[in-house]
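2 protein chains.
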Amino acid sequence: MSIANMIEQMAEEAKKASRQLRRIERPQKDAALESMAARLMDRQAEIIKENQRDLNAAKEAGLSAAMIDRLTLNEKVIREMAEGLREVATLPDPVGQVTGMWVRPNGLQVGRVRIPLGVIGFIYESRPNVTVDAAALCLKSGNAVILKGGSEAIHSNLILAKLLAEALIETGLPAKAVQVVPTTDREAVKIMIGLDNYLDVIIPRGGEGLIRFVAEHSRVPVLKHYKGVCHIFVDESADLETALNVCFNAKVQRPGVCNAMETLLVHERIAPEFLPAMAERFREAGVEIRGCTKTIELVPEAKPAGEEDWPAEFLDLILAVKVVPGMQEALDHIERYGSNHTEAIITRDYQNARSFLAAVDSSVVLVNASTRFNDGNQLGLGAEIGINTSKLHAFGPMGLEELTTTKFIVYGQGQIRI
Amino acid sequence: MSIANMIEQMAEEAKKASRQLRRIERPQKDAALESMAARLMDRQAEIIKENQRDLNAAKEAGLSAAMIDRLTLNEKVIREMAEGLREVATLPDPVGQVTGMWVRPNGLQVGRVRIPLGVIGFIYESRPNVTVDAAALCLKSGNAVILKGGSEAIHSNLILAKLLAEALIETGLPAKAVQVVPTTDREAVKIMIGLDNYLDVIIPRGGEGLIRFVAEHSRVPVLKHYKGVCHIFVDESADLETALNVCFNAKVQRPGVCNAMETLLVHERIAPEFLPAMAERFREAGVEIRGCTKTIELVPEAKPAGEEDWPAEFLDLILAVKVVPGMQEALDHIERYGSNHTEAIITRDYQNARSFLAAVDSSVVLVNASTRFNDGNQLGLGAEIGINTSKLHAFGPMGLEELTTTKFIVYGQGQIRI
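Which chain is which? The protein sequence lines are U and X, in order. Heads up: take any position in the first sequence, counting from 1, add 742, and you land on our numbering. Heads up: take any position in the second sequence, counting from 1, add 742, and you land on our numbering.
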């Protein structure tokens, strides 16, 4: 069978499964999640054995130590995956929630009720634990999912898929609700994103190259973000200690992720006091600063920033720093170079806090808190399947509710349109 | 200037305007809508004169009387457009509404607030009054809009755009918030749907050909429906009078629209009583029936339905009729041939009503009411820019709220991620 035929058949089966899943109630879905968790714990040896095949191939291919670390499934990672499944089981089921109901003058009772999206295509790179996380979120929200992972994790993903399918069957759910594409051929991605008659949405997660490819070629709607160029603006009135702590956390706590700070904007009145102290803390953590002329005057060891540094997502211990004459210039800079992902202001000024929250067109806008909080768990969504910086459907982190839509239900008593 | 350059410049200006519009408060938007309404009433002569140019061209091109009727702007239509503008002014402004706010264990106060989508590309055919309706909804929801109407309405659309822009300027709003593409070249559509760096969403309205073209080629997310193949299922327990009235209304009241009934499914136990009576009412209204074998037994004048009739959107006084052994077969038929648009059940059975509402995967599902109620005004959204049958963003009729998205706002006091 050709790859095209195989993928189309998977999609057709996913659609059939989604039709059943739509009407499954919470207890059965939670039972499946619990069964998946138990199975991962019981069958660790098998998982580790299959993962070892991926690790051997990765070592042969000369992948970096960091990549191999991300690929590794050991007892600790497997326990975390099982805990993740159990956590999703404890979350409320969004399906069937009535988000509003009202009565029209003619007596029609009109309501909106949450329903699953249908079939989700999830395309991602490395980290095999994402396979389990994504499957759990899709299942709990009543969606069927087709998972296309990275080629380096193929054996790990296939054994995980096998165990998940066993749990589905055991608990009376359609086995095709969760499917892993059993090939490393990139052709599979091209085929998935053309199947708009079966798939309702594509969620790509990975490098900018993968995401741009999917976004440019997909006929299925795509929820995605290309990159996170996150800014913090330290306002004139900022509390110095808050500014130092929040900026340090946003840059250093985990520099390789999309919600880390990439550019620091500093009001010129506070810069002489703030920037040298900030630079000292960054120096100790090994952060390289690339600054504007005024920054370099205050932080002599800083390198001069080039035009390419302002829109850059460094994903590393590198930070672009610019001194600005006021908040308007900070807003203009964010509008020009930002990625609509996450921005924060550090301020003690009530009006500036309000204005910044209103003016910044990003999925998460914070006052006096770290950009690292743009995350479904941290914001209280319970879990997260990804972050969307397109405005459609769900702007920002997407949890269970964001994997649903609403339909209208109407209770009548013979009403006709006049 | 090439068409590509012209459209891109319009898009860039729209984006700039949207940045201003985002922060405009309700009174100013409502004042602009009022000013637009007054201007349409005051400048009727100009509008009618420009419309006459389109009408002359239409007559020369030999357009049908129905097409010419749709194209005509007379005193009555202009008054209705002005009333439409004033109605939108009375609707609540969705922008700035906080749809939820909660506190995290670390003290972060997290909220979701409604914001405009940004720039909307609206691509439509004929009816110049749609130009005014769409402009009003986009403006009220804080969005800039680029309108690409049908070539046969170009002069009408341009004079309307001119008057709307004058009203924007008079009330201190950016003139580029509402722009009409000043060309009939279809190339303009191709260029618009490629501008994903400026446009946030494309809403196409018109024939299936236009919509398929846009959906298949757009890099900007598209909200659309291809067609409405709407079903009514008359259950065994249906009240006969209700079934007759609702089905008659759904087929006959306005057969040329997307929420008219196209296929009638009848439970075999009620068919002998219901179908002959229904056929008699349809006969008087000139409805042609294309039925299954059992239908023809009960309604001898019916023509035999072919396989091509089940997925057909007739948009005319033609109805496909099928007798089914039970609700499950009705649901299967809808799943196979339906368009996820609108379906209704006529029943007196409590459990069947609930099951139908839950099982049918359409944007509006009704019990004992006409499919013709799938309409933003009728369902209480206040107004409607279109109906979306993709699951993403807003499934079903889209009003002002559906032209917005939400962003997260976070009030902190120095919180960092641990």
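By construction, the Cβ of each residue, glycine as well, lies at the ideal position given by its N, Cα and C atoms.
Original post:
If you measure from the beta carbon of Y1092/U to each beta carbon in chain X, is any gap under 8 Å?
Top reply: no
**OP:** Would you check if there are 3 or more beta carbon pairs closer than 8 Å linking the segment 1103–1117 of chain U to the segment 1060–1079 of chain X?
**Re:** no
Original post:
Which residues in chain U sit within 7 Å of T1148/X, going by Cβ to Cβ distance?
Top reply: F1137
Subject >> Boundaries (first-last residue) of the beta strand (DSSP E) holding K1064/U >> reply: 1060–1066
**OP:** Could you tell me if Y968/X is buried or exposed, where buried requires 16 or more neighbouring beta carbons within 10 angstroms of its beta carbon?
**Re:** buried
Original post:
Where do the N-terminal and C-terminal ends of the alpha helix (DSSP H) with R821/U fall, by residue?
Top reply: 817–832
**OP:** Please classify R954/X: is it buried, with 16 or more other beta-carbons within 10 angstroms of its beta-carbon, or exposed?
**Re:** exposed
**OP:** Would you mind listing the alpha helix (DSSP H) stretches within the segment 1065–1115 of chain U that are 4+ residues and don't spill past its ends, in chain order?
**Re:** 1069–1079, 1092–1101
Original post:
Which whole runs of the alpha helix (DSSP H) in the segment 840–883 of chain X are 4 residues long or more, in chain order?
Top reply: 871–882
**OP:** Out of R785/X, Y1153/X, L763/X, P834/X, state which residue places its alpha-carbon closest to the alpha-carbon of E1143/X.
**Re:** P834/X
**OP:** Quick one: using the 10 Å Cβ neighbour count with 16 as the cut-off for buried, is K1052/X buried or exposed?
**Re:** One point to set straight first is that residue 1052/X is Trp, not Lys, in the sequence displayed. Answer is buried; the Cβ neighbour count reaches 16.
**OP:** Report the neighbours of S1104/X on chain U: residues whose CB is nearer than 8 Å to its CB, in chain order.
**Re:** K1149
Original post:
If we count the other Cβ atoms within 10 Å of its Cβ and call it buried at 16 or more, is E755/U buried or exposed?
Top reply: buried
Original post:
How about I1151/X and G860/X: do their beta carbons lie closer than 8 Å?
Top reply: no
Subject >> Distance CB(L986/X)-CB(A1019/X) smaller than 8 Å >> reply: yes
Original post:
Do we get a CB-CB distance below 8 Å when we pair I865/U with the residues of chain X?
Top reply: no
**OP:** Look at the Cβ atom of A1021/U, then the Cβ atom of C972/U, and state whether they are nearer than 8 Å.
**Re:** no
Subject >> Three-state class that DSSP yields for C989/U in the structure shown >> reply: helix
**OP:** In the DSSP assignment, find the unbroken alpha helix (DSSP H) run with R954/X in it and report its ends.
**Re:** 950–959
**OP:** Determine which residues share a DSSP beta bridge with K1149/X and list them.
**Re:** V855/X
**OP:** For chain A, find out if any of its Cβ atoms is closer than 8 Å to the Cβ of F955/U; answer yes or no.
**Re:** Here the protein chains are U and X, and chain A is not one of them.
Subject >> Own chain residues within Cβ distance below 7 Å of A831/X, not counting five before or after >> reply: D772, L775, E776
Subject >> beta strand (DSSP E) runs contained entirely in the segment 996–1030 of chain X, provided each spans 3 or more residues >> reply: 1003–1009
Subject >> Rounded separation between A746/U and A930/U - CA only >> reply: 7 Å
Subject >> Sequence-distant residues of the same chain with beta carbon closer than 6 Å to K1045/X, five excluded per side >> reply: R1032
Subject >> Contact with chain U by Q1155/X, beta-carbon distance below 8 Å >> reply: yes
Original post:
Under a three-way DSSP split, which group does K801/X fall into?
Top reply: helix
Original post:
Who are the near neighbours of I1038/X in its chain, counting only those whose CB is closer than 7 Å to its CB and skipping five residues on each side?
Top reply: A1044, P1046
**OP:** Give a yes or no on contact between the segment 1097–1115 of chain U and the segment 1076–1084 of chain U, applying the rule of three or more CB pairs nearer than 8 Å.
**Re:** yes
Subject >> Closest residue to E983/U among I749/X, G1048/X, Q1157/X (Cα-Cα distance) >> reply: Q1157/X
**OP:** Keeping to the same chain, check which residues put their C-beta closer than 6 Å to that of S979/X; ignore five residues upstream and five downstream.
**Re:** T1089, R1090, D1091
Subject >> Proximity test, Cβ basis, 8 Å: V1152/X and chain U >> reply: yes
Original post:
So does the segment 787–795 of chain X actually touch the segment 814–824 of chain X, counting three or more Cβ pairs closer than 8 Å?
Top reply: yes
Original post:
Taking the C-alpha atoms as reference points, what is the distance between I749/X and I749/U?
Top reply: 38 Å
Original post:
Which residues bound the alpha helix (DSSP H) around I749/X?
Top reply: 745–763
**OP:** Taking 8 Å as the cut-off, decide whether the C-beta atoms of L1007/U and F975/U are in contact.
**Re:** yes
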